[in-house]
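Sequence lines, in order, name chains Y and S. Position in the first sequence (from 1) plus 798 gives the number in my numbering. Position in the second sequence (from 1) plus 1330 gives the number in my numbering. Just so you know, even glycine gets a beta-carbon here, dropped at the ideal spot from N, CA and C. Note that the structure is a prediction, hence the values are computed from the model and not measured.
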Amino acid sequence: SQTIHQWPATLVQPVGSPLSLECTVEGTSNPNLYWYRQAAGRGLQLLFYSVGIGQISSEVPQNLSASRPQDRQFILSSKKLLLSDSGFYLCALERTINYGYTFGSGTRLTVV
Amino acid sequence: AQTVTQSQPEMSVQEAETVTLSCTYDTSESDYYLFWYKQPPSRQMILVIRQEAYKQQNATENRFSVNFQKAAKSFSLKISDSQLGDAAMYFCAFNGGSQGNLIFGKGTKLSVKP
Chain Y
799 SQTIHQWPAT LVQPVGSPLS LECTVEGTSN PNLYWYRQAA GRGLQLLFYS VGIGQISSEV
859 PQNLSASRPQ DRQFILSSKK LLLSDSGFYL CALERTINYG YTFGSGTRLT VV
Chain S
1331 AQTVTQSQPE MSVQEAETVT LSCTYDTSES DYYLFWYKQP PSRQMILVIR QEAYKQQNAT
1391 ENRFSVNFQK AAKSFSLKIS DSQLGDAAMY FCAFNGGSQG NLIFGKGTKL SVKP
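Quick look at the structure:
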């Protein structure tokens, strides 16, 4: 079965520091992968999605970037964090087209 | 652009009773998919139910069912025999047939009273 691993679970970082959140999947090949952010009291905002190695689409221009160096690895990064980058970050795997996503357990990022 | 609206930020239901969560969406597509996701306090997103727009029959998963009204662009979730474990945030989501991205509503926080 398809599984998705996301880490770390919690992260506290100072303003201006770099960020790297990693997401890896098992049990599938060439999946569509997504990064979402969930701010407090709000829905999920799509940040990036990838349909293959090196293929990244950005939905929201911002301080973050994403990379897909391997088929089953999706990384969310920032060179310099801002206070507004705080939130709950979710990685998602598209199980089969139009059948919904499987989500990772999420990372709670607090920028101080 | 497609949008998903959940007009109830919070709802409450008595244990064993039935509750309905509302969702409306806006799209010009005729072929699409709708979902309800549950996010308990653990924050793990769990798929509750899925509906294909070309199917007139409402989807059902055990105590969870939907009322899909395509003309009205409405997709409500009914939870029957509510249990304490149903307490969570519930998100309605839309997936256009021509694109893979899920578009989410802002969620409804459901409380279940014993």
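Cβ shell of residue i (< 6 Å), same chain only, five flanking positions each side left out
i          : result
Lys-878/Y  : Gly-814
Gln-1344/S : Lys-1443
Asn-912/Y  : With chain Y running from 799 to 910 in the structure shown, residue 912/Y is simply not present.
Tyr-1355/S : Val-1334, Lys-1403 and Phe-1424
Cα-Cα separation between residue i and residue j, rounded to whole angstroms
i          : j          : result
Ser-1404/S : Asn-1388/S : 12 Å
Ser-875/Y  : Pro-1444/S : 44 Å
Gly-901/Y  : Thr-808/Y  : Note that residue 901/Y is Phe in the sequence shown here, rather than Gly. Each residue's alpha carbon lies about 16 Å from the other.
Pro-1371/S : Thr-1348/S : 21 Å
Leu-1377/S : Lys-1368/S : 6 Å
Tyr-1420/S : Gly-1435/S : 9 Å
Leu-1407/S : Asn-1392/S : 12 Å
Asp-1411/S : His-803/Y  : 33 Å
Ala-864/Y  : Asp-1416/S : 34 Å
Trp-1366/S : Asn-1431/S : 15 Å
Thr-826/Y  : Gln-800/Y  : 6 Å
Ile-851/Y  : Ser-1358/S : 32 Å
Gln-1399/S : Ile-895/Y  : 23 Å
Among the options, nearest to residue i - alpha-carbon criterion
i          : options                                           : result
Tyr-1362/S : Pro-1370/S, Glu-1347/S and Ala-1383/S             : Ala-1383/S
Leu-1414/S : Ser-1395/S, Ala-1346/S, Pro-1339/S and Ala-1331/S : Ala-1346/S
Arg-870/Y  : Cys-889/Y, Asp-883/Y, Ala-837/Y and Glu-857/Y     : Cys-889/Y
Leu-1364/S : Tyr-899/Y, Ser-882/Y, Ser-865/Y and Thr-908/Y     : Tyr-899/Y
Leu-842/Y  : Leu-1440/S, Lys-1439/S and Ile-1433/S             : Ile-1433/S
Pro-816/Y  : Val-849/Y, Asn-861/Y and Tyr-887/Y                : Asn-861/Y
Gly-904/Y  : Gln-1344/S, Met-1375/S and Pro-1339/S             : Met-1375/S
Leu-881/Y  : Ser-827/Y, Arg-866/Y and Val-909/Y                : Val-909/Y
Val-1442/S : Glu-1340/S, Thr-1333/S and Thr-1335/S             : Glu-1340/S
8 Å Cβ cutoff, residue i in contact with chain Y
i          : result
Asn-1425/S : yes
Phe-1421/S : yes
Tyr-1384/S : no
Met-1341/S : no
Gln-1338/S : no
Tyr-1363/S : yes
Gln-1381/S : no
Lys-1436/S : yes
Asn-1388/S : no
Per-residue DSSP class, three states only, for residue i
i          : result
Gly-850/Y  : strand
Ser-882/Y  : helix
Asp-1416/S : helix
Thr-1438/S : strand
Thr-894/Y  : coil
Ala-864/Y  : strand
Same chain only: Cβ atoms within 7 Å of residue i, ignoring 5 sequence neighbours per side
i         : result
Gly-885/Y : Arg-835, Gln-836, Ala-837 and Leu-907
CB contact below 8 Å: residue i versus chain S
i         : result
Leu-842/Y : yes
Gly-850/Y : no
Leu-874/Y : no
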